[in-house]
Amino acid sequence: MSVGEEVRSEQGRPQQSLGTAAARNLATTTKSAPQMQEISSRWLLRTLPWVNVQGGTYRVNRRLTYAVGDGRVTFVKTGDRVEVIPAELGELPPLRSYEDEEVLTELARRCQQREFAPGDVITSFGSQADEVYLLAHGKVEKIGTGPYGDDAVLGVLADGAYFGDQALLDPDAIWEFTARAVTACTVLVLPRNDVEQVAERTDTLREHLEEQRSIPEQSTNKYGEKEIALAAGHSGEPDIPHTFVDYEARPREYELSVAQTVLRIHSRVADLYNQPMNQTEHQLRLTVEALKERQEHELVNNREFGLLHNCEYDQRLQPHDGVPSPDDLDELISRRRGTKLLLAHPRAISAIGRELNKRGLVPETIDVGGNRIPTWRGVPIYPCNKIPVTEARTTSIIAMRTGEAEQGVIGLQQIGIPDEIEPSLSVRFMGINEQAIIKYLVTAYYSAAVLVPDALGVLENVEIGRWR
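What follows is the structure, given as structure tokens:
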């Protein structure tokens, strides 16, 4: 402004005092610490009991069980043609551990594709079971006879499920339930006659099926574990049975997984711009927060040890009406003793609330660290935004029993690693390069283990977009 010019206010009048824009040059600005939208509540990391692992590996020893290979079948879709991946036939109990790719490919080629409309009966109770059904897409109800002669829904099957596998081992098997399509279903059917034809000219398949037939049913309990012979209620001097507890010869081992990044900070920034906030400290703080978010994501979604991929098939449930009803939550909780917690996406918790409102139910809440957490039957329902929501607006709800003492789900970590700032999390100085950039290696080691199969259950394909 030249000499003699008057400073005028916005209203055109001469300015009578110092303006705020100029005054700010002499003022000290109050600043917040760097904020981050990615930070979530991370209830899974907070509620999971963590076990210290020496040597980076945790071995889960169990009783010997014959109920292995009981999983879900994967398909390939080309246009309207659906085919089963040959190796996936090894998920059928009669074909478990069978690895002859040529034979499995021949069996996969003999699968016949069939389509069923909603309401169609796929199998009938009491009829001869001579086919194996592989459910590629859709939802099927298993219907049996109730105690008073009425129909009772025994369970719901969805994509990847199978039924009728007993037909491959028992030529006299009959259907113990009626299978009815709830939605339009695409099913692959493998006839027993085709399997027998392949077995007649393939020694390995014939011997494998004979070996499976030789496993006596009475030698296992309802969980598939080798029976422990006991005597009870006897009198006199009868012979007491002899027994021993057999273990799995090849128990599963969980190796600690890793999440890492290299944080780079220019030395000029670290030297000159550390007041009033330490730049290195806040760079590390936000990096560690992102690392923990990734850690929780891996604990839920990792294919090797993630909760969603390590749940046994018989612990996976389907909602009867698509939405997460109180009945579905009851069935999920009842599958295990002492369910400790439920994990659900926030949108799934909202859907649970809508279903409870429809029935006039109000869930109880508990206080956890100053947060009001909804419960069902006394089991807290923690939000977890790492559980995926599909484009079709379906998601999953996880139920867990936790802790080593309860044979539940545990988190794995190793305490005491070099340059540790938190248990199993380290920040290691990597030096300064020729561009004067300081580097830090930020590392987190972690994993999760399911000690017994019924410690973990999942309610799958939960619809969260239905409002009526």
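Residues 207 to 674 (our numbering) make up the sequence shown, in order.
For each residue, glycine too, the CB sits at the ideal point set by N, CA and C.
Along the chain, where does the beta strand (DSSP E) that runs through residue i open and close?
{"i": "residue 229", "result": "Here residue 229 belongs to no beta strand (DSSP E); instead the alpha helix (DSSP H) covers 226-229."}
{"i": "residue 602", "result": "600-606"}
{"i": "residue 577", "result": "577-582"}
{"i": "residue 249", "result": "Premise fails: residue 249 lies in the alpha helix (DSSP H), 249-253, not in any beta strand (DSSP E)."}
{"i": "residue 500", "result": "Per DSSP, residue 500 belongs to no beta strand (DSSP E); it is in the alpha helix (DSSP H), 485-507."}
{"i": "residue 265", "result": "263-266"}
{"i": "residue 587", "result": "585-589"}
{"i": "residue 350", "result": "346-351"}
{"i": "residue 343", "result": "337-343"}
{"i": "residue 329", "result": "327-329"}
{"i": "residue 593", "result": "First-last for residue 593: undefined, no H or E at that position."}
{"i": "residue 574", "result": "571-574"}
{"i": "residue 362", "result": "357-363"}
Report the rounded CA-to-CA distance for residue i versus residue j, giving the unit in angstroms.
{"i": "residue 657", "j": "residue 354", "result": "39 Å"}
{"i": "residue 328", "j": "residue 384", "result": "7 Å"}
{"i": "residue 407", "j": "residue 361", "result": "38 Å"}
{"i": "residue 634", "j": "residue 625", "result": "6 Å"}
{"i": "residue 251", "j": "residue 287", "result": "43 Å"}
{"i": "residue 533", "j": "residue 459", "result": "36 Å"}
{"i": "residue 483", "j": "residue 627", "result": "20 Å"}
{"i": "residue 671", "j": "residue 636", "result": "49 Å"}
{"i": "residue 581", "j": "residue 289", "result": "42 Å"}
{"i": "residue 260", "j": "residue 660", "result": "26 Å"}
{"i": "residue 452", "j": "residue 445", "result": "22 Å"}
{"i": "residue 429", "j": "residue 575", "result": "38 Å"}
{"i": "residue 275", "j": "residue 363", "result": "Interpretation of residue 275 is limited by its pLDDT of 49, a score under 50 that renders its predicted location unreliable; the figure taken from the coordinates is listed afterwards. Spanning the two alpha carbons is a distance of roughly 18 Å."}
{"i": "residue 559", "j": "residue 655", "result": "31 Å"}
{"i": "residue 244", "j": "residue 499", "result": "8 Å"}
{"i": "residue 568", "j": "residue 562", "result": "7 Å"}
{"i": "residue 374", "j": "residue 386", "result": "22 Å"}
{"i": "residue 450", "j": "residue 438", "result": "17 Å"}
{"i": "residue 404", "j": "residue 297", "result": "18 Å"}
{"i": "residue 630", "j": "residue 599", "result": "36 Å"}
{"i": "residue 647", "j": "residue 617", "result": "23 Å"}
{"i": "residue 496", "j": "residue 237", "result": "22 Å"}
{"i": "residue 501", "j": "residue 454", "result": "30 Å"}
{"i": "residue 510", "j": "residue 516", "result": "7 Å"}
{"i": "residue 332", "j": "residue 351", "result": "11 Å"}
{"i": "residue 282", "j": "residue 426", "result": "35 Å"}
{"i": "residue 530", "j": "residue 270", "result": "35 Å"}
{"i": "residue 665", "j": "residue 522", "result": "6 Å"}
{"i": "residue 619", "j": "residue 264", "result": "10 Å"}
{"i": "residue 592", "j": "residue 504", "result": "9 Å"}
{"i": "residue 246", "j": "residue 651", "result": "20 Å"}
{"i": "residue 589", "j": "residue 389", "result": "30 Å"}
{"i": "residue 621", "j": "residue 492", "result": "22 Å"}
Shortest alpha-carbon distance to residue i belongs to which of the options?
{"i": "residue 607", "options": "315, 458, 349 and 548", "result": "548"}
{"i": "residue 334", "options": "372, 340 and 350", "result": "372"}
{"i": "residue 524", "options": "377, 234 and 669", "result": "669"}
{"i": "residue 526", "options": "349, 505, 308 and 502", "result": "349"}
{"i": "residue 597", "options": "510, 244, 667 and 572", "result": "667"}
{"i": "residue 240", "options": "448, 461, 487 and 223", "result": "487"}
{"i": "residue 545", "options": "433, 566 and 614", "result": "614"}
{"i": "residue 339", "options": "295, 639 and 466", "result": "295"}
{"i": "residue 528", "options": "321, 242, 269 and 347", "result": "347"}
{"i": "residue 379", "options": "619, 398 and 391", "result": "398"}
{"i": "residue 584", "options": "570, 531 and 578", "result": "570"}
{"i": "residue 248", "options": "639, 602 and 577", "result": "577"}
{"i": "residue 268", "options": "413, 432, 300 and 643", "result": "432"}
{"i": "residue 489", "options": "467, 224 and 356", "result": "467"}
DSSP has residue i in a bridge; who is on the other side?
{"i": "residue 632", "result": "626 and 649"}
{"i": "residue 283", "result": "288"}
{"i": "residue 638", "result": "644"}
{"i": "residue 616", "result": "655"}
{"i": "residue 474", "result": "None, per the DSSP bridge assignment."}
{"i": "residue 321", "result": "392"}
{"i": "residue 258", "result": "619"}
{"i": "residue 240", "result": "According to DSSP, residue 240 bridges with nothing at all."}
{"i": "residue 597", "result": "Looking at the DSSP assignment, residue 597 forms no beta bridge with any residue, so it has no partner."}
{"i": "residue 669", "result": "600"}
{"i": "residue 663", "result": "605"}
{"i": "residue 522", "result": "664"}
From what residue to what residue does the alpha helix (DSSP H) around residue i run?
{"i": "residue 540", "result": "532-540"}
{"i": "residue 386", "result": "Where residue 386 is concerned, there is no enclosing alpha helix (DSSP H), although the beta strand (DSSP E) it sits in stretches over 384-387."}
{"i": "residue 727", "result": "Here the chain has residues from 207 to 674 only, and residue 727 is not among them."}
{"i": "residue 551", "result": "Counting along the chain, residue 551 falls outside any alpha helix (DSSP H), and DSSP gives it neither H nor E."}
{"i": "residue 313", "result": "307-315"}
### Task
Please specify which runs of the alpha helix (DSSP H), each continuous and at least 4 residues long, are wholly inside the region 392-472, giving them in chain order.
398-406 and 409-419
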